[in-house]
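Undergrad: Okay, handing you the structure first.
Number of protein chains: 2
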Amino acid sequence: MIEQYEFPNGLVLVAEPMPGVQSAAFTLLLPAGSAYETADGVKVESGAASMVAEWIGRGAGDRDSRELLNALDNLGVSHSESAQTLHTSLAAATLGRNLIPSLELIADMVRKPTFDDDEIEPIRALSLQNLRSLEDDPGTKVIYELRKRHFPEPWGRPSPGTVDGVTALTADDLRRFHSRTYRPNGAILGVAGAIEWPKLKEAVGRLFGDWPKVDDGRIHERPTGPRRDHIVRETQQIQIAMAYPTVTVDHPDYYRARAAAAILGGYSSARLFTEVREKRGLCYSVYASYESQKDRAAVLCYAGTSTDRAQETLDVMLAEIARLAKEGVSAEELRTMRAGLKSSLIMAQESSMSRTNALASDWYFLGRVRSLDEIAARLDALTPEDVSEFAAGQGQLDQMTILTLGPTPLKTPTTPG
Amino acid sequence: MIEQYEFPNGLVLVAEPMPGVQSAAFTLLLPAGSAYETADGVKVESGAASMVAEWIGRGAGDRDSRELLNALDNLGVSHSESAQTLHTSLAAATLGRNLIPSLELIADMVRKPTFDDDEIEPIRALSLQNLRSLEDDPGTKVIYELRKRHFPEPWGRPSPGTVDGVTALTADDLRRFHSRTYRPNGAILGVAGAIEWPKLKEAVGRLFGDWPKVDDGRIHERPTGPRRDHIVRETQQIQIAMAYPTVTVDHPDYYRARAAAAILGGYSSARLFTEVREKRGLCYSVYASYESQKDRAAVLCYAGTSTDRAQETLDVMLAEIARLAKEGVSAEELRTMRAGLKSSLIMAQESSMSRTNALASDWYFLGRVRSLDEIAARLDALTPEDVSEFAAGQGQLDQMTILTLGPTPLKTPTTPG
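Protein chains in written order, with our numbering: chain A, 1 to 417; chain B, 1 to 417.
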């Protein structure tokens with residue numbers, strides 16, 4: 001039984017009691033991703049969203065940094081605060097009896113951070129270290145850089161920022177970013193596990209009910225690119241990343257899109273895996289994944305392989321994307337995809353933490369939460385013809401972004417015109 | 001209620017039905033880690049254990065590679081087969097109703113792999129790709145290299161092997177490795193979730209009961225080192241890794257050892273985290289973790305940071321290890337550690353997959369499975385004096401291995417004598 005309530009200030013609480021579990025988890029999504037760094041003179045690509053997510057944990061309410069971390073640890077809370085492009089998310093899991101005391105601490109962090117100026121330099125140093133570690137992690141780096149080139153600005157902006165951006169930020173920039181983006185309207189709190197709905201609703205009302213609304217900032221979208229690019233790095237492997245548009249979660253074709261992406265590269269007998277990994281031994285990790293935002297979505301494909309086999313890997317991946325569009329999918333592939341997707345959905349539902357993600361994410365995309373039965377029924381209703389028809393329009397080269405990272409560039413098909 | 005049964009051939013089945021879940025998971029631990037690559041002329045550091053773990057998935061029983069992967073995917077099984085130093089582990093999760101059909105497939109993989117020679121070159125290519133990707137992942141690489149220098153050979157041997165070793169392996173080497181190490185004696189099958197014990201026991205007996213024993217191979221231990229080392233790599237960050245001995249899981253001081261390691265670096269207000277990350281912003285990730293084998297155990301410490309701050313980071317880490325030995329722990333720290341450890345144990349118990357790990361691991365170390373209540377009672381019984389007394393003998397420099405990886409070496413304290 002899924003419960004939901006929208007407070008007058010716009011905060012949405014969506015919760016699911018899970019019988020038989022002792023844990024409780026929550027995810028608070030705030031409209032405070034790096035995409036919102038533009039307004040009010042906060043420097044773009046500054047890493048402001050990430051730095052604020054770190055700063056709020058360093059003292060809040062009447063607790064200093066040490067006392068706050070200790071209080072969370074004493075409640076046995078496993079927690080993380082992180083900024084992505086669209087949201088800043090605060091996620092936590094603990095025992096059910098500690099849920100409301102944990103929410104009280106999180107409410108302080110979000111609404112009453114101490115924002116001690118002395119913390120700025122250690123936080124800036126951390127952000128710079130994070131950017132360096134990204135340079136030593138080419139597989140993660142290439143996906144950040146792919147999103148940046150594929151989605152219109154600011155919807156692909158990497159949350160870690162840039163060295164120049166992080167270096168230039170001031171404490172006032174961060175305070176401004178916080179006051180504009182940490183707000184109830186646009187925020188979603190998903191809670192799951194050992195919870196009592198009336199008590200939870202009362203507590204969330206007490207902690208967040210009088211949190212004042214803030215107007216939406218204006219976002220100026222700009223085209224990005226290039227659609228073909230190479231980043232030179234003296235790595236051992238060449239990283240290959242591609243993206244092409246697909247439909248969003250609220251689109252009528254959503255299930256067809258998910259099925260097509262999964263059959264391309266979502267499980268261990270999927271096409272990319274079979275052709276790239278099994279048959280040719282080109283790389284350990286190769287996949288295609290579906291990624292949606294509110295107004296745009298993409299299929300992301302990835303592989304990392306040695307210089308001498310990189311061109312072959314890229315060619316095979318492109319051939320598989322083209323074959324999916326041309327030949328469609330078989331009834332057997334659809335059956336396999338369905339079994340895997342249903343099984344993983346059921347298993348994910350048994351974890352309070354992954355359940356909170358599903359609750360918050362469904363609300364964000366759809367304004368409601370889907371039941372497992374609904375998802376299963378929609379998957380069952382798909383036919384091979386359905387999915388093939390959808391796939392026929394997918395993965396066109398002129399809409400595809402192809403990015404490689406490594407010592408030498410590869411030959412990529414040119415975009416027409 | 002934990003069920004257990006040892007078959008006459010030595011295979012141990014240990015299972016825990018979890019009410020209210022639909023999933024079932026299992027972990028099969030085989031005594032087939034890279035440490036066992038020595039005997040019968042199989043080349044050491046050959047990656048044989050990893051390659052066999054890949055080969056068994058490419059056709060088994062009357063199914064070819066494609067049919068086998070498809071059969072697993074059609075049962076909605078999420079699975080992985082991987083070799084570590086001590087074990088090869090086959091882990092799988094699916095819906096309870098698909099558990100026994102999944103076990104049938106896994107039994108074929110383990111006992112009746114096709115071992116088609118045509119698969120060798122793709123598998124070798126994969127293993128070589130994996131070694132290359134490790135070169136692009138300095139944080140993972142440094143931990144492999146730390147274990148190799150700290151534990152006596154072969155107990156720290158990295159499972160990916162070396163380029164020379166992987167290149168030289170033959171199909172017959174791999175068959176020999178399989179016939180010697182994939183065996184019931186020394187194997188443990190942990191199962192948890194939606195299971196019926198009598199049916200499970202009957203099925204495991206049918207699938208594995210007539211699997212013949214194989215004699216233990218002899219292992220020749222050799223000392224390793226050096227205790228101080230630097231690996232030159234043109235990375236952006238310097239990786240710092242250290243290890244020092246502690247007691248094993250079956251030792252009377254085990255809980256004191258776990259408490260000391262956790263207070264040093266096991267949670268977000270732990271000492272290393274506070275001193276290295278919070279106060280100085282030296283790196284995002286810093287930790288101390290406890291790692292046990294049957295006859296030896298170590299505390300592993302890790303940090304990755306920029307060249308200009310690496311010496312400071314190393315010095316602070318060593319100072320914290322020394323301070324723990326000298327000053328011991330406070331009652332407050334012990335309370336915080338307890339809250340965190342208990343909370344994470346309870347949460348881990350709610351996942352069928354992490355439960356199978358605990359079942360198999362407890363059996364391996366202790367020959368029995370501990371209840372949550374037992375662990376909680378042992379943690380509750382600890383006093384600050386207990387833990388401080390234990391910590392006083394820990395982290396001595398002459399028993400510590402310190403390894404760095406990056407452009408330039410650091411100054412490390414010399415070992416006496």
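For glycine and all other residues, C-beta sits at the position ideal for the given N, C-alpha and C.
1) Under the rule that 16 or more other beta-carbon atoms within 10 Å means buried, what is G47 (chain A), buried or exposed?
2) Determine, using beta-carbon pairs with one atom in the stretch 1-12 of chain B and one in the stretch 315-333 of chain B, whether at least three such pairs fall under 8 angstroms.
3) Kindly confirm or deny that the stretch 387-400 of chain A and the stretch 332-343 of chain B touch, where touching means at least three C-beta pairs closer than 8 angstroms.
4) Exposed or buried, what is L200 (chain A) when buried is set at 16 or more other beta-carbons lying within 10 Å of its beta-carbon?
5) Does the separation of the CB atoms of I240 (chain A) and A310 (chain A) fall below 9 angstroms?
6) Does the contact criterion of 3 or more C-beta pairs under 8 angstroms hold for the stretch 133-143 of chain A versus the stretch 172-191 of chain A?
7) Taking C-beta pairs closer than 7 angstroms, name the residues in chain E that D386 (chain A) reaches, listed in chain order.
8) Please report how far the alpha carbon of P407 (chain A) lies from the alpha carbon of V232 (chain B), in whole angstroms.
9) Less than 9 angstroms between CB atoms is the rule here; does V21 (chain A) satisfy it with respect to chain B?
10) With a threshold of 9 angstroms between beta-carbons, can H230 (chain B) be considered close to chain A, or not?
11) I need the DSSP call for R63 (chain A), collapsed to helix, strand or coil.
12) From A:D118, A:P19, A:L95, A:K112, pick the residue whose C-alpha is nearest to that of G281 (chain B); which is it?
13) Please report the straight-line C-alpha distance between V316 (chain A) and T412 (chain A), rounded to a whole angstrom.
14) Just the chain A side, please: which residues come within less than 8 angstroms of I123 (chain B) by C-beta, in chain order?
15) In angstroms with no decimal places, state the Cα-to-Cα distance between A49 (chain A) and G10 (chain B).
16) When you compare the CB of P158 (chain B) with every CB in chain A, is at least one pair closer than 9 angstroms?
17) Distance cutoff 9 angstroms, beta carbons only. Does V77 (chain A) sit that close to anything in chain B?
18) Report the rounded CA-to-CA distance for R183 (chain B) versus K279 (chain A), giving the unit in angstroms.
19) Based on Cα-Cα distance, which residue from A:G165, A:P252, A:A192 lies nearest to Q349 (chain A)?
20) DSSP has I188 (chain A) in a bridge; who is on the other side?
21) I'd like the span of the alpha helix (DSSP H) that includes P384 (chain B), first residue to last.
22) Can you tell me whether R227 (chain A) is helix, strand or coil according to DSSP?
23) Using DSSP's beta-bridge definition, name the partner residues of I289 (chain B).
24) Would you mind reading off the limits of the alpha helix (DSSP H) that contains D140 (chain A)?
25) Spell out whether any CB of chain B is found under 9 angstroms from the CB atom of K326 (chain A).
26) From G417 (chain B) to S89 (chain A), what distance separates their C-alpha atoms?
27) Along chain B, in chain order, which residues have C-beta atoms closer than 7 angstroms to that of K141 (chain A)?
28) Suppose you measure from the CA of L13 (chain B) to the CA of L207 (chain B); what does that come to, to the nearest Å?
29) Spell out the partners DSSP gives R378 (chain B) in its beta bridges.
30) If you drop the 5 nearest sequence neighbours on each side, which residues of the same chain put their C-beta closer than 8 angstroms to that of R124 (chain A)?
31) Quick one: residues in its chain with C-beta nearer than 6 angstroms to the C-beta of A325 (chain A), no 5 flanking neighbours on either side, listed in chain order?
32) For P113 (chain B) versus W197 (chain B), is the C-beta distance shorter than 9 angstroms?
33) Tell me the residue span of the alpha helix (DSSP H) that contains M1 (chain B).
34) In the DSSP assignment, what are the bridge partners of H79 (chain A)?
35) Quick one, which of B:D386, B:P252, B:A107 has its alpha-carbon nearest V204 (chain B)'s?
36) From the DSSP output, in three-state form, read off V276 (chain B) for me.
TA: Based on what the coordinates show:
1) buried
2) no
3) no
4) buried
5) yes
6) no
7) Among the chains of the structure shown, chain E does not appear; the protein chains present are A and B.
8) 19 angstroms
9) yes
10) no
11) strand
12) A:D118
13) 12 angstroms
14) G281
15) 56 angstroms
16) no
17) yes
18) 29 angstroms
19) A:A192
20) A:V12, A:L29
21) 384-391
22) coil
23) In the sequence under discussion, the amino acid at residue 289 (chain B) is Ser, which differs from the Ile named in the question. According to DSSP, which records beta bridges pairwise, S289 (chain B) is partnered with B:L300.
24) Rather than Asp, the amino acid found at residue 140 (chain A) in this sequence is Thr. From DSSP, the alpha helix (DSSP H) with T140 (chain A) extends over 138-150.
25) no
26) The predicted position of G417 (chain B) is uncertain, since its pLDDT is 46 and thus under 50; no value can be drawn from it.
27) Result: empty, since nearest Cβ-Cβ is about 10 angstroms, beyond 7 angstroms.
28) 12 angstroms
29) Paired residue(s): none; R378 (chain B) is not in a bridge.
30) M51, V166, T167, L169
31) A391, A392, Q394, G395
32) no
33) Element bounds for M1 (chain B): n/a, residue is neither H nor E.
34) A:A92
35) B:A107
36) helix
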